[in-house]
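J.:
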Amino acid sequence: MKNKKNKKIRSPFFYVGDKYKLMPQLLKLFPSNINNYYEPFVGGGSSFLNVEASTYHLNDIDLQIINLHKELTRDTFENFLNRVYQIIDKYELSISLKGRIPSEELRTKYKKTYYAKYNKTAYIKLRDDYNAKSDKDYAMLYVLLIFGFNHMIRFNSTGQFNVPVGNVDFNQNVYDALEHYFNFKDSHKLRFYNLDYYEFIKKIEFEKNDFVYCDPPYLISHSEYNKLWNEEEEEKLYKLLDYLNDKGVVFGISNLLTHKGETNKLLEKWMSKYNVYEIKSNYISRFDNTIKENSREVYITNYE
Ligand SMILES: C[S@@+](CC[C@H](N)C(=O)[O-])C[C@H]1O[C@@H](n2cnc3c(N)ncnc32)[C@H](O)[C@@H]1O
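Using the numbering used here, you'd call the opening residue of the sequence shown number 108 and step up by one each time.
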């Protein structure tokens, strides 16, 4: 198959719930020839970055993640990197890529949290300055995301970015993921949308060999974006996929069937009319080392 790759690519947003580790398994199950690739729940983009298609239509209801994607796609790698380095230097954050790392003393004293200890004051100053600006600087938001706890993007009800400092910094992995993203966007046709998935799908005039890949919030797991999800949304999504099936549009959807002893009964019932593949995810999440216990990930398609 064309899309089969051995190397998995990670998005430079290191998004919570990103699919990159599962991509080698999923790609083997994706259609081999994709014209328009549609992703209604794109998140950080670890899925599309691993797929070959003629055009990519990438949607998410989260305006900030879409704006970050747009910011990267309109810039060059060198320029964006310079903007990021300038911010890191101005606030004197650590940058292990260039050898500016916490002292031996700090590393010995705080064995597992020395990046957080080193960066905390600078990070809070950067966060305050970002929040005070009316004209938002997305390179600043990107630096906050890289140095923030679990690489989260979270705002309070008054629109203030409120993630605490994380125990991470700008390292070789971040550089590599950014470089790959820029190479990818320079050689592929990407279009971004900030709509509800339903509206996004309903507007599409499908063509031959188009493919819709869905990685929605999971009903039975917990993360920031799951707040937007409930049983009603889940059923609405299944109806929408049934509608695509009736129109002859090819789709695939990732989901979690069981998790910590709980089963998604709606999914169990709905998926029985389609093809179901088990996806092995026996790694331990770095966000919660119990997260994959007793979990069953599935990939469901309406094509063979
Ligand atoms: C599981 S994550 C996708 C992760 C992505 N595959 C990746 O690799 O980064 C689900 C995404 O759905 C988005 N979302 C939640 N409700 C939505 C809605 N009603 N319409 C569109 N997107 C939505 C969230 O903002 C989140 O980015």
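The C-beta atom is built at its ideal place from N, Cα and C for all residues, glycine as well.
1. Determine the direct distance from the alpha carbon of Glu178 to that of His295, and round the result to whole angstroms.
2. Cα-Cα, which of Asp235, Asn142 and Gly152 is closest to Gly266?
3. By the DSSP assignment, the alpha helix (DSSP H) with Arg190 in it spans what residues?
4. Between which residues of its own chain and Tyr282 is the CB-CB distance below 7 Å, once the five residues before and five after are set aside?
5. Is the stretch 188-203 touching the stretch 265-279 in the sense that three or more CB pairs, one from each, lie closer than 8 Å?
6. Just reading off the beta strand (DSSP E) that Phe318 is part of, what are its end residues?
7. Tell me, please, which residues DSSP counts as bridged to Ile361.
8. Quick check: His386 and Leu133, are their CB atoms within less than 9 Å of each other?
9. Compute the distance between the beta-carbons of Val357 and Pro147, then report whether it is under 9 Å.
10. Among residues of its own chain, excluding the 5 on either side of Gly152, which ones have a beta-carbon nearer than 6 Å to its beta-carbon?
11. How about Ser105 and Tyr384: are their beta carbons less than 9 Å apart?
12. Hey, would you say the C-beta of Tyr145 is under 8 Å away from at least one heavy atom of ligand 3?
13. Just to check, is the beta-carbon of Leu165 closer than 8 Å to a non-hydrogen atom of ligand 1?
14. Thinking just about the alpha-carbon of each residue, which of Leu302, Phe289 and Lys232 is nearest to the one in Val272?
15. I'd like the span of the beta strand (DSSP E) that includes Ile386, first residue to last.
16. Can we count Pro209 as close to ligand 1, meaning its CB is less than 8 Å from some heavy atom?
17. Just the C-alpha distance for Asn263 and Ile168, rounded to the nearest angstrom, thanks.
18. Would you report the Cα separation of Leu347 and Ser361, rounded to the nearest angstrom?
19. Would you mind sorting Lys240 into buried or exposed? The rule is 16 or more other CB atoms within 10 Å of its CB.
20. Could you check if Gly355 belongs to the surroundings of ligand 1, using beta carbon to heavy atom distance under 8 Å?
21. Look at the alpha carbon of Ser330 and the alpha carbon of Glu338, and state the distance between them as a whole number of angstroms.
22. Between Glu404 and ligand 1, is the CB less than 8 Å from at least one heavy atom?
23. Tell me the residue span of the alpha helix (DSSP H) that contains Lys315.
24. What distance in whole Å lies between the Cβ atoms of Ile407 and Gly359, which are believed to be in contact at a cut-off of 8 Å?
25. Given the structure, does Gly368 come close to ligand 1, in the sense that its CB is under 8 Å from one of the ligand's heavy atoms?
26. Beta-carbon within less than 6 Å of Pro131's beta-carbon, same chain only, minus the 5 sequence neighbours each way: which residues are those?
27. Tell me which same chain residues have a C-beta within less than 8 Å of the C-beta of Leu251, skipping the five on either side of it?
28. Grouping DSSP H, G and I as helix and E and B as strand, with all else coil, what is Asn337?
T.: Short version:
1. About 16 Å.
2. Ranked by how close their Cα comes to the Cα of Gly266, the residues Asp235, Asn142 and Gly152 have Asp235 in first place.
3. In this chain, the alpha helix (DSSP H) harbouring Arg190 covers Phe184 to Tyr198.
4. Contacts found: Leu204.
5. Judged by Cβ distances under 8 Å, the stretch 265-279 makes contact with the stretch 188-203, as three or more pairs qualify.
6. Element bounds for Phe318: Phe318 to Cys321.
7. The sequence given here has Ser at residue 361, not Ile. Looking at the DSSP output, Ser361 bridges to Tyr406.
8. It is worth fixing the name first, because residue 386 is Ile in this sequence and not His. With a cutoff of 9 Å on beta-carbon distance, Ile386 and Leu133 are scored as near each other.
9. No, the Cβ-Cβ distance between Val357 and Pro147 is not below 9 Å.
10. So the qualifying residues of the chain are Ser118.
11. Any property of residue 105 remains undetermined from this structure, which presents the chain solely from 108 to 411.
12. You won't find ligand 3 in this model; what it holds is ligand 1.
13. Every heavy atom of ligand 1 is 8 Å or more from the Cβ of Leu165, so no.
14. Of the candidates Leu302, Phe289 and Lys232, the one whose C-alpha sits nearest the C-alpha of Val272 is Lys232.
15. That run of the beta strand (DSSP E) goes Asn382 to Ile386.
16. The answer is no for Pro209.
17. Taking the Cα positions, Asn263 is about 17 Å away from Ile168.
18. Between the alpha carbons of Leu347 and Ser361 lies a distance of about 15 Å.
19. Around the beta carbon of Lys240, fewer than 16 other beta carbons sit within 10 angstroms, so the residue counts as exposed.
20. At a threshold of 8 Å, Gly355 does not count as near ligand 1, since its beta carbon sits no closer than that to any of the ligand's heavy atoms.
21. Rounded to the nearest angstrom, the two C-alpha atoms are 16 Å apart.
22. Relative to ligand 1, Glu404 has its C-beta separated by 8 Å or more from all heavy atoms.
23. No residue range can be given for Lys315, since it is assigned to no alpha helix (DSSP H) and is classified by DSSP as neither H nor E.
24. Indeed, because the Cβ distance is near 7 Å, the residues count as touching under 8 Å.
25. The answer is no for Gly368.
26. So the list reads Lys115, once near-sequence residues are dropped.
27. Listed in chain order, the non-local C-beta contacts of Leu251 below 8 Å within the same chain comprise Tyr230, Leu233, Arg234, Tyr237, Phe268 and Val270, local neighbours out to five positions each way being set aside.
28. Asn337: coil per DSSP, three-state reduction.
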